[in-house]
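In terms of this note's numbering, the sequence shown is residues 272 to 438. Worksheet: one structure, shown below.
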Amino acid sequence: MTTVGHEHLLIRPAHECEATEIARLNNLFAVEHLMLRRTPEQVALAIDDFLVAVDERGRIRACGALKEYSPSVAEVAAIAVAPEAQGNGLGREVVAAVEALAIKRGVMHVFALTLQPAFFEAIGYQRVDRARYPEKIRRDCLSCARRFACNEICFAKVLRVDAALAA
Ligand SMILES: CC(C)(COP(=O)(O)OP(=O)(O)OC[C@H]1O[C@@H](n2cnc3c(N)ncnc32)[C@H](O)[C@@H]1OP(=O)(O)O)[C@@H](O)C(=O)NCCC(=O)NCCS
């Protein structure tokens, strides 16, 4: 349980029955091109990779996912905080939970492609060249409608087990 602002929230693995609500939260920001659009079916297929932050009434206030590209590299993806819950440290907590999941799966190197560079800088990520992640480019970027006009910035972090234990 974590306290963010005045709310008590639990960050935990998502359940398949939450796929529609996760997609709805994600797609709030797809309209502004801040996130990739995801259907409930796409979320359901990857549900084991999703985490959610739920309030005491069971409402999803934030989500995030770990998308693995190789045994050692994964993307911190689908990070979204409900508009009314933003600015209270919940985004940071969700990314930390996704990082802890990465460590649990033995992945020590994570990256993110984002239009929110100040957020990732504030939470300890380093700006890097996306060419470091050819798996990502092959799997997602080459088929993306915005591939010739992409302004997403790539960030990366090498995770440390001791930091995760202390969190
Ligand atoms: C980006 C987002 C996840 C941040 O979540 P949040 O809960 O508001 O962020 P936090 O309160 O945890 O902020 C953590 C740090 O990042 C900074 N930060 C967060 N968003 C920021 C922004 N847009 N610009 C500048 N700094 C920002 C905060 O100031 C804070 O820094 P501090 O600890 O030094 O004070 C949230 O705004 C969101 O869901 N946005 C829409 C979807 C999106 O763009 N997702 C990212 C996809 S990769």
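For every residue, glycine included, the Cβ atom is placed at its ideal position computed from N, Cα and C. Small disclaimer: the values here were computed from a predicted structure and weren't measured.
- Between the alpha carbons of N359 and I282 lies a distance of about 15 Å.
- Relative to ligand 1, F419 has its C-beta separated by 6 Å or more from all heavy atoms.
- Relative to the non-hydrogen atoms of ligand 1, the Cβ of L322 never comes closer than 6 Å to any of them.
- When Cβ pairs closer than 8 Å are counted between the two stretches, the stretch 392–405 is seen not to touch the stretch 349–358, the count staying below three.
- In the structure shown, R398 adopts extended strand secondary structure according to DSSP, grouped into three states.
- Our two residues, P311 and A290, have alpha carbons roughly 5 Å apart in a direct line.
- In this structure the stretch 375–389 does not lie against the stretch 324–332, because fewer than three pairs of beta carbons, one per stretch, are closer than 8 Å.
- Cβ contact annotation for E370 (same chain, cutoff 6 Å, sequence separation greater than five): L430, in chain order.
- Per the coordinates, the alpha-carbon of F321 lies some 8 Å from the alpha-carbon of V314.
- Collapsing the DSSP output to three states places V314 in a helix.
- Distance from the CA atom of H304 to the CA atom of R295, rounded to whole angstroms, is 14 Å.
- Taking 3 residues as the shortest admissible run, the stretch 282–339 contains the following complete beta strand (DSSP E) segments, listed from N- to C-terminal end: 321–325 and 331–339.
- Going by C-alpha positions, A336 is about 22 Å away from A416.
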